[in-house]
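Have a look at the structure below, then the notes.
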């Protein structure tokens, strides 16, 4: 029952074939000459097209745009490959879909995907009614195949069923542990070159009367799944689903290559909204997530992925806006695939527990994170950059760089490194957290600039705040068990700060 694949292939990064693809960009103000200079050391095949240089940048963010971190982020951006999908359209209405919001269009959408797949791939289009410019397609889960683009134009809404019986069990991860559980609203396994595009809306229709009500019921099932992992029960025998109350994610490409999510609005997920897992070359571009208020409705959670670009997005979620993950505890050590090479840029985060979060499922390790030109603003944010872990998770977080950030309001500290999350210091797998850098932040109000506490027996490593301004601090900073904490040009409440 358990599918087989070589997880180690997911770690192959620069060796993968294919040059950087041409991309559409939003207008910006960066200097073309200055931007181009950053690519002088790249092979010609890796350099972006000339038009790219004139388009990058974010006009309202202060700070230099030629940092070493920019060069590293640009390299990842340009090496992340986009899907190649034939430009053939397969309207779902040709296969019997009605789009009235009442008729079940599941079979028609599946038939269109099957036909496109047989034809070598193409766009499966959910068209609007020509007379009204709108349509609503009621459906169960949608399973994408290789070289398929699901296109949802403006005025079109996809309404997903909230009946668990409509969702078959699939191979998935639930909070970092592999199992068979309810299919996500949109799912793909082992596919290459897939996309969801358009200006329409995908609505999971989750609410307190269906999926979100499971939050109070999930603990027994969650305990069973954790016991399966701790006891090394084969994944094929970890059958969840009915009676366990573990809701599915909304969008989950699993073990996929070259994934694009572009332009679409995603709301009301049963659980995490966007959850690319064990995949490589993932681009999330110009999407809106939320506003959604349900429990555990994270915005974008890449897990154990290689090369992820999140660009020009807007997120307002019921949990972390973005949370970078890499498996959990015993199962994370068994799979042992990190999440590496991520670029998050030109993105706004409103409500959510953390802006750019790493963890808490980070057992396989997280490295090389570059978040730049961001706006973080909400009293609901528990932290701007939030790193959460413990001695049961283990793993590592290294080389995380969040720079050129405008944060008018943060409900907690700008930086939170939390070693007490979840189980706290109750295990023997001490995390390794180091090389954490916050550069060119302009914060209006926050409880603190930093709240960083390691363990007496396992210190946090190197942390740097540089060119960092916090206009109004409503609480106090906390710093304990940190080996190398450096402040360069840091101002809090109008006063220069030189020590932690």
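Numbering (mature numbering (1 follows the signal peptide of the UniProt record, and there is no 0)), first residue to last: -32 to -1, 1 to 468.
All C-beta atoms in this analysis are idealised placements derived from N, C-alpha and C, irrespective of residue type, glycine included.
{"query": "Simplified DSSP state of residue 63, which is helix, strand or coil", "result": "helix"}
{"query": "Nearest residue (CA-CA) to residue 184, options 428, 263 and 443", "result": "263"}
{"query": "Beta-carbon gap between residue 288 and residue 336 smaller than 8 Å", "result": "no"}
{"query": "Residue 246 (DSSP reduced to helix, strand or coil)", "result": "coil"}
{"query": "Given 8 Å, three or more beta-carbon pairs between the segment 58 to 67 and the segment 421 to 432", "result": "no"}
{"query": "DSSP state of residue 224 mapped onto helix, strand, coil", "result": "coil"}
{"query": "When 189, 344 and 94 are compared against residue 124, the one with the closest alpha-carbon", "result": "94"}
{"query": "Cα-Cα separation between residue 258 and residue 406, rounded to whole angstroms", "result": "27 Å"}
{"query": "Residue 46 - containing alpha helix (DSSP H), residue span", "result": "36 to 47"}
{"query": "Check whether residue 243 and residue 207 have beta carbons under 8 Å apart", "result": "no"}
{"query": "Distance, residue 52 Cα to residue 7 Cα", "result": "Model confidence at residue 7 stands at a pLDDT of 39, short of 50, so the residue's coordinates are unreliable; what they give is reported in the following sentence. If you take the alpha carbons of residue 7 and residue 52, they lie about 24 Å apart."}
{"query": "Proximity below 8 Å, CB of residue 297 to CB of residue 197", "result": "yes"}
{"query": "Contact check, residue 86 vs residue 271, beta carbons under 8 Å", "result": "no"}
{"query": "Per DSSP, cross-strand counterpart(s) of residue 142", "result": "145"}
{"query": "Nearest residue (CA-CA) to residue 163, options 282, 119 and 179", "result": "119"}
{"query": "Chain-order list of residues whose beta-carbon lies under 8 Å from that of residue 466 (same chain, five-residue window excluded)", "result": "455 and 458"}
{"query": "Distance, residue 315 Cα to residue 450 Cα", "result": "30 Å"}
{"query": "Three CB pairs or more closer than 8 Å across the segment 62 to 71 and the segment 334 to 353", "result": "no"}
{"query": "DSSP three-state assignment for residue 81, whether helix, strand or coil", "result": "helix"}
{"query": "Reference residue 313; option with closest CA among 146, 342, 326 and 390", "result": "342"}
{"query": "Buried/exposed call for residue 128, threshold 16 Cβ in 10 Å", "result": "buried"}
{"query": "Counted within 10 angstroms of its Cβ, other Cβ atoms place residue -23 as buried (16 or more) or exposed", "result": "Confidence is the limiting factor: at residue -23 the pLDDT is only 33, short of 50, which leaves the residue's position unreliable and the question unanswerable from this model."}
{"query": "Exposure label - residue 151; buried when at least 16 CB within 10 Å", "result": "buried"}
{"query": "Own chain residues within Cβ distance below 8 Å of residue 160, not counting five before or after", "result": "51, 114, 115, 224, 225 and 226"}
{"query": "Three-state class that DSSP yields for residue 21 in the structure shown", "result": "In this prediction, residue 21 scores a pLDDT of 36, lower than 50, which makes its location untrustworthy; the coordinate-derived value is nonetheless stated afterwards. Three-state DSSP puts residue 21 in a helix."}
{"query": "Inter-residue spacing [alpha-carbon to alpha-carbon] between residue 463 and residue 372", "result": "21 Å"}
{"query": "Collapsed DSSP secondary structure at residue 408 in the structure displayed", "result": "strand"}
{"query": "Pick from 246, 281 and 204 that is closest to residue 230, judged by C-alpha positions", "result": "281"}
{"query": "Sequence-distant residues of its chain with Cβ nearer than 6 Å to residue 190 (five each side left out)", "result": "none"}
{"query": "Start-to-end residues for the beta strand (DSSP E) that takes in residue 126", "result": "124 to 128"}
{"query": "Cβ pair residue 423, residue 397 closer than 8 Å", "result": "no"}
{"query": "Secondary structure of residue 184, DSSP reduced to three states", "result": "helix"}
{"query": "Alpha-carbon to alpha-carbon, residue 188 and residue 238", "result": "18 Å"}
{"query": "Selection from 131, 404, 295 and 460 that minimises the alpha carbon distance to residue 180", "result": "131"}
{"query": "For residue 420, the three-state DSSP class (helix, strand or coil)", "result": "strand"}
{"query": "Assigned exposure category for residue 199 - 16 Cβ within 10 Å defines buried", "result": "exposed"}
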